[in-house]
Amino acid sequence: MVFLIIFGVGLLLTVVTFVIGELFDLGDWGDSGAEIGDSPSPFSSRVLFVFLTAFGGIGFIGQTADWPVGGSILAALAGGIAVAGGTFFLIVLPMAKQQGSVHLSIDDLLNLEAQVTDEIPGSGVGKISVVPPGTGTRMARAARSRDGNLIRAGTAVRILSVGPNTVTVAPLDAAGAQVPPPPKP
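Going by the numbering used here, the letters in the sequence shown line up with residues 1233 to 1417, in that order.
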């Protein structure tokens, strides 16, 4: 009877975690602090609940098959570890690796080619779009002209510096070379 209760609790917690976390998207509070670096932990709630479910189910099978209590416990432990390990290595880790993330540093944007999407007025702010390498994601940033000249929408530019709110850009010529600033009078 104890194994059946463990099975029921594990199954209930697994379903509740799925419904709250996945369907209602209420966050990852169940795994808080369980990560190792950038990857999930084998001790995350979903893996532990799967272990409980398998442990209880296999233990109950052993108990109903009239195995000795020690044999039921050992089989339940081995089965729980195997199923939880399989869940972690075959489902949780591959899914975490697929999700990836787009964490960019300032250095990732410097010297990249971008395109002006909203005209950059001489003394104001416009908008550029850029695809940082390795991300496959187009991002927009507020931009200022390096020399204070108007840069029209559609112009190819190079990112020269990155600030907290804006990037500074310079237009490129048809060959992709940076257009030199106009001479100072």
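Ideal placement from N, C-alpha and C gives every residue a C-beta, glycine not left out.
In this structure, Leu1342 keeps its C-beta atom at 8 angstroms or more from the C-beta atom of Thr1285.
Residue environment: Ile1352 is assigned as buried (16 or more neighbouring CB atoms within 10 Å of its CB, all protein chains considered).
Taking the Cα of Gly1302 as reference, the smallest distance to any Cα among Ser1377, Phe1235, Asn1381 and Arg1378 is reached at Phe1235.
Counting along the chain, no beta strand (DSSP E) covers Gly1366, and no H or E run does either. For Ile1383, there is no enclosing alpha helix (DSSP H), as DSSP gives it neither H nor E. Sequence-distant partners of Thr1398 (beyond 5 residues in either direction) whose C-beta falls short of 8 angstroms from its own C-beta, in its chain, are Val1357, Arg1373, Ala1374, Ala1375 and Arg1376.
Contact between Leu1344 and Pro1364 holds: CB atoms are separated by about 7 angstroms, below the 8 angstroms threshold. Proximity to Arg1378 across Ile1305, Ile1252, Val1247 and Val1394 peaks at Val1394, based on C-alpha coordinates.
Relative to Ser1277, the option among Asp1405, Ala1388 and Phe1320 whose CA is nearest is Phe1320.
Around Gly1289, the same chain offers Phe1239 as residues with beta carbons nearer than 6 angstroms, after the five sequence neighbours per side are excluded. In the displayed model, Arg1278 falls within a helix according to three-state DSSP.
DSSP, reduced to helix, strand and coil, places Asp1298 outside both helices and strands of the structure shown, so it counts as coil. Following the DSSP letters along the chain, one finds Val1401 inside the beta strand (DSSP E) bounded by residues Thr1398 to Pro1403. Between Gly1294 and Ser1304 a beta carbon distance of about 3 angstroms is seen, short of the 8 angstroms cut, so the two are scored as contacting.
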